[in-house]
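**Q** Please see the structure below; I have some questions.
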Amino acid sequence: MTELPLRKYKQVDEDLWISNYVAKARIKTEYKVKSLLHYEISPYQEISVVDTKGFGRMLVLDGIPQKFIR
């Protein structure tokens with residue numbers, strides 16, 4: 177899907193996925209990425225904005241979903 181060094185994403189066939197695991201609750205959520213809207217690596221963190229299939233646009237910092245808007 178993309179040639180960028182997306183460290184926190186996984187690619188399954190042609191699809192790009194991001195996952196989040198909350199250890200205390202033992203819950204893992206996965207989000208299917210429709211498109212990568214923005215990606216950069218700052219001196220402090222990996223920043224990306226993605227458009228997901230079920231949740232709309234999502235801000236992801238260091239591979240951890242932060243906020244989404246539909």
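Every number in the numbering used here is 176 more than the matching position in the sequence shown, counting from 1. A virtual CB, placed ideally from N, CA and C, is assigned to each residue, including glycine. Here the structure is a predicted model, which means the values were calculated and not measured.
1. With distances taken between CB atoms, is the gap from Lys-204 to Trp-193 smaller than 8 Å?
2. Quick one: give me the first and last residue of the beta strand (DSSP E) that Asp-227 is part of.
3. Looking at the strands, I want to know which residues DSSP matches up with Pro-241.
4. Short of 6 Å in beta carbon distance, which residues of its chain neighbour Thr-178, apart from the five on each side in sequence? Order them along the chain.
5. Compare the beta carbon distance of Lys-229 and Leu-235 with 8 Å and say whether it is the shorter of the two.
**A** Let me spell this out:
1. For the purposes of this step, residue 204 is identified with residue 28 of the sequence shown, where counting begins at 1. For the purposes of this step, residue 193 is identified with residue 17 of the sequence shown, where counting begins at 1. Their beta carbons are not under 8 Å apart, which means Lys-204 does not touch Trp-193 by this criterion.
2. As a working mapping, residue 227 is identified with position 51 in the sequence shown. For Asp-227, the enclosing beta strand (DSSP E) has its first and last residue at 222-228.
3. Locating residue 241 in the sequence shown gives position 65, where the first residue counts as 1. Answer by DSSP bridge pairing, in chain order: Val-236.
4. The sequence position of residue 178 within the sequence shown is 2, counting from 1. Low confidence applies to Thr-178: its pLDDT is 47, below 50, so where it sits in the model is not reliable, and the reading given next is rough at best. The beta carbon of Thr-178 is closer than 6 Å to those of Leu-212 in its chain, skipping five residues each way along the sequence.
5. Counting from one through the sequence shown, the residue named residue 229 turns up at place 53. Counting from one through the sequence shown, the residue named residue 235 turns up at place 59. In this structure, the beta-carbon distance from Lys-229 to Leu-235 does not fall below 8 Å.
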